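Novice: First residue of the sequence shown: 1050, per this note's numbering; consecutive thereafter. The C-beta atom is built at its ideal place from N, Cα and C for all residues, glycine as well. Fair warning: this is a prediction, and the values are worked out from it, not measured in the lab.
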Amino acid sequence: MRLRISVLCLFAALTLGAQTPSPDAWKTSETLGNIDISDLTPVQKKAVLKMVREQDCSCQCGMKTAECIMKDSNCSYSRTLAKIAIQGVKDGKTLIEISKLMDASPKAHRPKLLEDPVKIDVDGSPVRGPADARITLVEFSDFECPYCSAAVKQVDTVMAAYPKDVKLIYKQFPLSMHPHAQLAAEASLAAREQGKFWEMYDLLFKNFRQLSRTNINAMAKEVGLDMAKFQSDLDSRKYKAVIEKDLADGEAAGVYGTPAFYINGKQYNGEVTLAALKPILAAELKGETKEAEAAKQTRSGLPLTVR
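1. Starting from Leu1237, follow the alpha helix (DSSP H) in both directions and report where the run begins and ends.
2. I want to know whether the region 1218-1233 touches the region 1188-1203 - three or more CB-CB distances under 8 Å.
3. Considering only C-alpha positions, which residue in the set Leu1217, Val1092, Val1097, Leu1260 is nearest to Ala1309?
4. Out of Ala1324, Pro1328, Val1321, Gly1314, which one is the CA nearest neighbour of Val1004?
5. Measuring CA to CA, which of Pro1328, Lys1335, Asn1318 is closest to Glu1188?
6. Would you check if the distance between the CB atom of Met1119 and the CB atom of Ser1078 is smaller than 8 Å?
7. Which full runs of the alpha helix (DSSP H) of 4+ residues lie inside the region 1257-1285, going along the chain?
8. Please give the ranges of any alpha helix (DSSP H) in the region 1060-1141, keeping only runs that are unbroken, at least 4 residues long and fully inside the region.
9. Can you tell me whether Ile1145 is buried or exposed? The criterion is at least 16 other CB atoms within 10 Å of its CB, across all chains shown.
10. Helix, strand or coil for Asp1214 per DSSP?
11. What does DSSP give as the partner residues of Glu1164 in its beta bridges?
12. Can you look up Ser1225 in the DSSP assignment and give me helix, strand or coil?
What follows is the structure, encoded as structure tokens:
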């Protein structure tokens, strides 16, 4: 089964109209989200809760493990650390021994800010920005994801700051937890066929909580689509294979949540803000310039002077 979790889509229950829990509930709750600790003794439970309330979650969310468990039930990092703590107290290990086990787990180590480059097939994907941009920003996203919607403004800010250097390529990654995400993805591709992908993209993200077929039809009318063709294309499910391929491409590249961004093929694990991205983009531009100069000097027979 494909891995379709959303590490960055915190508070996903909000999309279903659930009541927001107290932000600090994790500090006092005697439960641990949907992780069962009912078979622990009171002493064991106290030890586990103490550890997960003090241990930083390693998924780069900036929360403690217990907090992440309660606010993002799909986070594999916090769940793994909690299960190590639970098994440790069951085995009678000391808190120091359990802490060492947690530290030794692969899930205890945060990913790099910028991963090693991977190859991503972007042929035929929607593109915005100059064709000769020195930086390619690939986004795997879900139109019903609140954090994907919030990222739109940040990405627009980055694109505006680097109008000649950055191009954006959009890849579909609808999560199974979002009931309207697949339809929205297909609708965006139907709009693309009429040259209106980015207009539809903006409306879908702006109205991410209201992606019924009726509302999507209204958006299509708003951007000026040929409605007969749009309806026919949606009904045909002709874009299902395209979306399945994007999902497969994302999973092969290591996508585990949305939105996921790749900078020149390197997965970016930091905040999607201009301030956070500036040094990353500057380094990419500098590196690209060095590579181009090296290639130029190699062709001309000059000695390399790349520093």
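Specialist: With the structure as the only source:
1. Residue identity differs from the one stated: residue 1237 is Ser in this sequence, not Leu. Counted as a single uninterrupted DSSP element, the alpha helix (DSSP H) harbouring Ser1237 occupies residues 1230-1241.
2. Touching, yes.
3. In terms of Cα proximity to Ala1309, the closest of Leu1217, Val1092, Val1097, Leu1260 is Leu1217.
4. The shown model of the chain, from 1050 to 1356, leaves out residue 1004, and the question about it has no answer.
5. Asn1318
6. yes
7. 1262-1271, 1276-1285
8. 1091-1103, 1114-1120, 1125-1139
9. exposed
10. coil
11. In DSSP, Glu1164 forms no bridge with anything.
12. coil
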